[in-house]
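Q: Those protein sequences? They're chains A and B, same order as listed. The numbers in our numbering rise by one with no breaks, and the one at position 137 of the first sequence is 143. The numbers in our numbering rise by one with no breaks, and the one at position 91 of the second sequence is 97. The beta carbon of each residue, even a glycine, is placed where N, CA and C say it ideally should be. Could you have a look at this structure, given as structure tokens, before my questions?
Protein chains: 2
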Amino acid sequence: MPKENAGKITSMTTIKEIAKLAGVSRSTVSRVLNNDENVSDQTRVKVQTIINKTGYQPSPVARSLISGRTHVLGLVVPMIVSSLFRDPFFSILAQGISSACTLNNYTLMLWLIEPHSEQRIYDNILNNRLIDGLIVSSSKIGDRLIERLIEKKTPLVQVGRNDCPGVSSVDADNIHGAMQAVKHLVSIGRRQIATITGQMELYSGVDRLAGYKRGLVESSLPILDERIAFGNFTEESGYNQTKLLLAKSKFDGLFVASDTMAFSAIQALQEAGLRVPEDVAVVGFDDIPAAAHNHIPLTTVRQPIQKMGSIAAQTLIDQLEQKDTSTARRIILPTELVIRDSTKKSAFSNHYAPDQVQTTT
Amino acid sequence: MPKENAGKITSMTTIKEIAKLAGVSRSTVSRVLNNDENVSDQTRVKVQTIINKTGYQPSPVARSLISGRTHVLGLVVPMIVSSLFRDPFFSILAQGISSACTLNNYTLMLWLIEPHSEQRIYDNILNNRLIDGLIVSSSKIGDRLIERLIEKKTPLVQVGRNDCPGVSSVDADNIHGAMQAVKHLVSIGRRQIATITGQMELYSGVDRLAGYKRGLVESSLPILDERIAFGNFTEESGYNQTKLLLAKSKFDGLFVASDTMAFSAIQALQEAGLRVPEDVAVVGFDDIPAAAHNHIPLTTVRQPIQKMGSIAAQTLIDQLEQKDTSTARRIILPTELVIRDSTKKSAFSNHYAPDQVQTTT
DNA sequence: CTGAAAGCGCTAACAA
DNA sequence: TTGTTAGCGCTTTCAG
């Protein structure tokens with residue numbers, strides 16, 4: 007890097023002025039700017055000197071008007087209040103996406119969807135012609151936004167499962183993750199394993215329940231309705247559904263579909279006079295940092311959020327730049343069981359498989 | 007709202023086509039688009055009908071080329087790893103900013119600064135001509151980015167204290183917050199109050215230390231060097247500095263400049279055989295959600311992060327739209343003491359003053 | 001009240 | 001290898 011563009015003249019130069027200063031035409035300057043071969047070395051140097059001296063930067067807006075591309079990616083995240091305050095999911099995802107953008111010379115535009123102004127923001131996003139493509143995170147199953155984006159042919163990558171043909175997606179392996187959780191409980195001797203599910207409007211909720219069931223089946227344990235309580239990922243539901251479970255069934259293991267719910271579930275268990283993990287062993291999901299803290303006997307399933315972000319961004323960029331054939335990609339990243347209890351303090355990694363990449367048409 | 011723009015033709019229409027369809031000139035369409043008065047009602051209706059029917063949206067890029075404005079705000083956040091994973095600060099701030107943007111028909115562009123690619127991102131931001139103005143959060147004292155932005159005359163609002171003349175800022179009242187903390191400790195009978203500071207490269211670190219000192223002075227207690235340990239907001243430093251404090255002084259109260267550090271401080275205290283809060287009462291800062299959890303005897307000082315975000319955005323937008331005189335504003339929002347200990351479970355609000363707004367030239 | 005024409009800053013044929 | 005010309009989609013004088 008040449009010793010930091012010092013002595014830069016802070017101005018709003020245009021290509022015209024550069025051309026004048028260099029004594030060439032605007033096209034020539036443009037050629038230099040775009041590394042066109044058809045410029046003599048002499049001219050190139052002359053022009054480049056002026057460009058450096060003035061600190062000239064071509065207007066991205068003018069460029070976009072011609073190219074039809076802005077080099078801007080959009081990120082849409084629904085902000086469910088509960089998760090916002092506890093969960094670094096969004097921060098970490100954004101970090102992954104942001105670094106992939108930087109790497110590829112893209113910038114990132116952000117929409118946080120608050121439930122009450124959903125419609126307005128949707129219109130805003132849909133009519134926004136400033137972005138080249140969009141990453142949509144954790145949308146509800148059958149969300150109208152996705153449909154409309156598809157109609158508009160917006161290049162799209164979904165973070166989380168998505169069944170729309172033609173839409174790429176990046177997801178954690180929620181099914182396998184939940185299976186890991188159940189099997190862990192089985193491995194420490196639990197046989198009566200209950201669950202508190204997430205929202206059934208989210209694939210993460212649906213898939214974690216599916217994984218729970220499959221884990222039971224593969225362990226030759228029965229699936230009992232009375233051991234399934236339907237939460238919605240909020241702390242409150244974790245508490246209430248635990249009370250409900252306690253009322254209607256007996257269990258010595260509990261798989262909770264999110265750490266946030268798991269915290270309040272543990273609280274409810276303790277209030278009911280049960281010891282965790284002695285009487286009921288609990289496994290959560292997400293590995294939120296509060297769990298890493300002292301005295302919380304919570305084993306959990308971790309998803310590679312940052313990686314999901316960067317892969318999503320990279321997938322979208324590849325798609326935009328046609329680096330790959332325009333087939334949709336379904337990428338599923340492995341989860342990791344993090345064992346954290348009184349007896350064992352350190353995290354135990356268990357990568358069960360290399361990244362799975364499926365390609366569909 | 008007319009029954010949701012149904013039957014919209016999903017196309018990339020231009021003003022030219024609308025003009026042709028409506029049988030008028032492009033100028034007239036433009037006038038309708040911009041609510042110009044000089045259009046007959048008849049024509050207006052005719053044109054508007056076509057616009058609605060086609061779902062036409064004018065290209066923001068073309069508009070920007072003319073107006074020189076993009077209606078895009080930038081947000082720059084340094085991503086210190088430690089805070090990223092524990093701290094919802096960024097999420098909440100972004101939420102506040104985002105909602106103000108939506109309200110004003112702006113969109114938000116995001117840069118997360120990872121320490122290792124700082125220089126590259128700075129150049130990226132500085133040369134980005136896509137944004138009308140920038141919100142910079144928690145930058146280090148004397149950060150080169152701010153200087154360079156000022157040179158470039160980028161409209162700017164700082165989240166956090168900033169002394170540059172001409173730069174508006176929105177900050178929590180860290181000084182008063184720390185005073186609240188100290189006075190609380192005094193009020194519960196502590197007289198030997200130590201502190202673990204934040205990073206001295208951040209105003210939040212500096213100001214919280216200043217508030218600690220002022221709190222002692224106003225309580226007629228001595229300021230002792232041996233009771234001050236310099237941390238850097240990371241969990242690790244909280245732990246180490248507590249050990250250090252324990253080695254060099256005796257204290258029955260501890261003000262820690264962030265909850266993140268406070269957690270590990272408590273751990274260190276407990277490992278040293280001290281009871282919290284009986285032997286040492288601890289007050290943190292930030293009110294991070296993990297603190298809200300069971301069994302953590304941590305009183306803390308809360309800052310109105312979301313509000314800071316929305317006010318920052320609104321201030322910037324006002325500045326851009328010249329709604330106010332172009333004087334810089336320094337806005338300082340009050341903090342709130344949140345008492346949370348074994349004896350008292352519910353949060354106790356203590357608004358000490360209405361918003362303070364200072365205006366400087 | 002409406003249309004024709006010029007131009008925002010840049011790129012991309014097409015000539016020279 | 002270079003300059004000239006047109007035009008991306010829109011707004012904005014300036015005539016009419």
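Excluding the five sequence neighbours on either side, which residues of its own chain have a C-beta within less than 6 Å of the C-beta of residue 196 of chain A, listed in chain order?
A: The count along the first sequence starts at 1 and reaches residue 196 of chain A at position 190. Hits under 6 Å: 258, 259, 287.
Q: Quick check on the burial criterion: 16 or more other C-beta atoms within 10 angstroms. Buried or exposed for residue 213 of chain B?
A: Taking the second sequence and counting its residues from 1, the one referred to as residue 213 of chain B is at position 207. Its Cβ being crowded by 16 or more others within 10 Å, residue 213 of chain B is buried.
Q: Within a Cβ cutoff of 8 Å, which residues of the same chain sit near residue 233 of chain B, ignoring the five residues on either side of it in sequence?
A: Taking the first residue of the second sequence as position 1, residue 233 of chain B is located at position 227. Around residue 233 of chain B: 198, 199, 200, 201, 251, 255, 257.
Q: Measuring only between beta-carbons, confirm whether residue 127 of chain A sits less than 9 Å from chain B.
A: In the first sequence, the residue the question calls residue 127 of chain A occupies position 121. Chain B contact via Cβ: present.
Q: Under the three-state reduction of DSSP, which class applies to residue 271 of chain B: helix, strand or coil?
A: Here residue 271 of chain B corresponds to residue number 265 of the second sequence, with the count starting at 1. Correct three-state label for residue 271 of chain B: helix.
Q: When you compare the CB positions of residue 315 of chain B and residue 99 of chain B, do they come within less than 9 Å of one another, or not?
A: Locating residue 315 of chain B in the second sequence gives position 309, counting from the first residue. Locating residue 99 of chain B in the second sequence gives position 93, counting from the first residue. A contact, by the Cβ cut-off of 9 Å.
Q: For residue 148 of chain A, count neighbouring C-beta atoms within 10 Å of its own C-beta (all shown protein chains included) and say buried if the count is 16 or more, exposed if not.
A: In the first sequence, counting from the first residue as 1, residue 148 of chain A sits at position 142. The residue in question, residue 148 of chain A, is exposed, as its Cβ has fewer than 16 Cβ neighbours within 10 Å.
Q: In the DSSP assignment, what are the bridge partners of residue 342 of chain A?
A: If you number the first sequence from 1, residue 342 of chain A lands on position 336. DSSP output for residue 342 of chain A lists A/308 as bridge partner(s).
Q: Could you name the residues of the segment 55–70 of chain A whose beta carbon sits closer than 8 Å to any beta carbon of chain B, in the order they occur along the chain?
A: Those would be 63, 65, 66, 67, 68, 70, in chain order.
Q: Please report whether the beta-carbon of residue 350 of chain B lies at a distance below 9 Å from any beta-carbon of chain A.
A: Taking the first residue of the second sequence as 1, we reach residue 350 of chain B at position 344. Because residue 350 of chain B sits at a pLDDT of 39, beneath the cut-off of 50, its placement in the model cannot be relied upon, and the following sentence gives the value as read from the coordinates. Output row for residue 350 of chain B: interface = no.
Q: Quick one: using the 10 Å Cβ neighbour count with 16 as the cut-off for buried, is residue 277 of chain A buried or exposed?
A: Along the first sequence, one-based indexing puts residue 277 of chain A at 271. Residue 277 of chain A comes out exposed.
Q: Count the other CB atoms within 10 Å of the CB of residue 171 of chain A; is the residue buried (16 or more) or exposed (fewer)?
A: The residue given as residue 171 of chain A occupies position 165 in the first sequence. Result: exposed.
Q: Starting from residue 98 of chain A, follow its DSSP beta bridges and name the residues at the other end.
A: Here the question's residue 98 of chain A lines up with position 92 in the first sequence. DSSP output for residue 98 of chain A lists no bridge partner at all.
Q: Which chain A residues sit within Cβ distance under 8 Å of residue 326 of chain B?
A: What you label residue 326 of chain B is simply residue 320 of the second sequence in a count that begins at 1. Chain A residues near residue 326 of chain B: none, gap ~16 Å exceeds 8 Å.
Q: Answer yes or no: the CB of residue 199 of chain A versus the heavy atoms of the ligand ATP, is any distance below 8 Å?
A: Ligands displayed in this structure: none; no statement on the ligand ATP is therefore possible.
Q: Within 9 Å of any Cβ in chain A, is that where the Cβ of residue 309 of chain B sits?
A: Translated into the one-based positions of the second sequence, residue 309 of chain B becomes position 303. Chain A contact via Cβ: absent.
Q: Check whether the Cβ of residue 41 of chain B lies closer than 9 Å to any Cβ atom in chain A.
A: As a working mapping, residue 41 of chain B is identified with position 35 in the second sequence. False, the Cβ-Cβ gap to chain A never drops below 9 Å.
Q: Whose C-alpha, out of B/120, B/133, B/191, is nearest the C-alpha of residue 65 of chain A?
A: The residue given as residue 65 of chain A occupies position 59 in the first sequence. When each option's Cα is compared against that of residue 65 of chain A, the closest is B/133.
Q: Using the C-alpha atoms, what's the distance from residue 181 of chain A back to residue 216 of chain A?
A: Sequence index remark: in the first sequence, residue 216 of chain A carries index 210 (1-based). Sequence index remark: in the first sequence, residue 181 of chain A carries index 175 (1-based). Answer to the nearest angstrom: the Cα atoms are 6 Å apart.
Q: Across the segment 220–235 of chain B and the segment 176–192 of chain B, are there enough close Cβ pairs to call them in contact, namely three or more that are closer than 8 Å?
A: The answer is yes - the segment 176–192 of chain B touches the segment 220–235 of chain B, with three or more Cβ pairs under 8 Å.
Q: Give the range of the beta strand (DSSP E) segment to which residue 31 of chain B is assigned.
A: In the second sequence, residue 31 of chain B corresponds to position 25, counting from 1. Where residue 31 of chain B is concerned, there is no enclosing beta strand (DSSP E), given that its DSSP letter is neither H nor E.
Q: Check this for me: beta carbons of residue 140 of chain A and residue 80 of chain A, under 9 Å apart or not?
A: Along the first sequence, one-based indexing puts residue 140 of chain A at 134. Along the first sequence, one-based indexing puts residue 80 of chain A at 74. Yes, the Cβ-Cβ distance between residue 140 of chain A and residue 80 of chain A is below 9 Å.
Q: Of the residues B/145, B/137, B/107, which one's Cα is nearest the Cα of residue 124 of chain B?
A: Here residue 124 of chain B is taken as the residue at index 118 of the second sequence, counted from 1. When each option's Cα is compared against that of residue 124 of chain B, the closest is B/145.
Q: When the Cα of residue 321 of chain B is compared with those of B/110, B/130, B/36, which residue comes out closest?
A: On the second sequence, residue 321 of chain B is found 315 positions in, with the first residue counted as 1. Looking at the Cα atoms, B/110 is the closest of the given residues.
Q: Could you check which residue in B/220, B/262, B/164, B/150 has the C-alpha nearest to that of residue 203 of chain B?
A: Here residue 203 of chain B refers to the residue found at position 197 when the second sequence is read from its first residue. For residue 203 of chain B, the nearest C-alpha among the options comes from B/262.
Q: Would you mind sorting residue 176 of chain B into buried or exposed? The rule is 16 or more other CB atoms within 10 Å of its CB.
A: As a working note, residue 176 of chain B is residue 170 in the second sequence. Per the 10 Å Cβ criterion, buried.
Q: Within 10 angstroms of its Cβ, does residue 327 of chain A collect 16 or more other Cβ (buried), or is it exposed?
A: Sequence index remark: in the first sequence, residue 327 of chain A carries index 321 (1-based). By the 10 Å Cβ count, residue 327 of chain A comes out exposed.
Q: Would you call the segment 23–37 of chain B and the segment 46–57 of chain B touching, i.e. three or more CB-CB distances under 8 Å?
A: Touching, per the Cβ criterion.
Q: Looking at the unbroken alpha helix (DSSP H) that takes in residue 48 of chain B, where does it start and where does it end?
A: The residue you call residue 48 of chain B lines up with position 42 of the second sequence. It spans 47–60 - the alpha helix (DSSP H) in which residue 48 of chain B sits, taken as one unbroken run.
Q: Could you name the residues of the segment 135–148 of chain A whose beta carbon sits closer than 7 Å to any beta carbon of chain B, in the order they occur along the chain?
A: Flagged, chain order: 135, 136.
Q: Would residue 133 of chain A count as contacting chain B if we go by Cβ distances under 9 Å?
A: Sequence index remark: in the first sequence, residue 133 of chain A carries index 127 (1-based). Yes, its Cβ sits closer than 9 Å to a Cβ of chain B.
Q: Report, in whole angstroms, the separation of the C-beta atoms of residue 174 of chain B and residue 334 of chain B, which I expect to be a contact under 8 Å.
A: Residue 174 of chain B sits at position 168 when you count from the first residue of the second sequence. Residue 334 of chain B sits at position 328 when you count from the first residue of the second sequence. Contact flag correct, Cβ pair sits at about 5 Å.
Q: When DSSP labels each residue in this structure, what does residue 336 of chain B get in the three-state scheme?
A: Working through the second sequence from its first residue, we reach residue 336 of chain B at position 330. Here residue 336 of chain B sits in strand by DSSP.
Q: Compare the beta carbon distance of residue 208 of chain A and residue 166 of chain A with 9 Å and say whether it is the shorter of the two.
A: Position 202 of the first sequence, counted from the start, is the residue given in the question as residue 208 of chain A. Position 160 of the first sequence, counted from the start, is the residue given in the question as residue 166 of chain A. Yes. Within cutoff.
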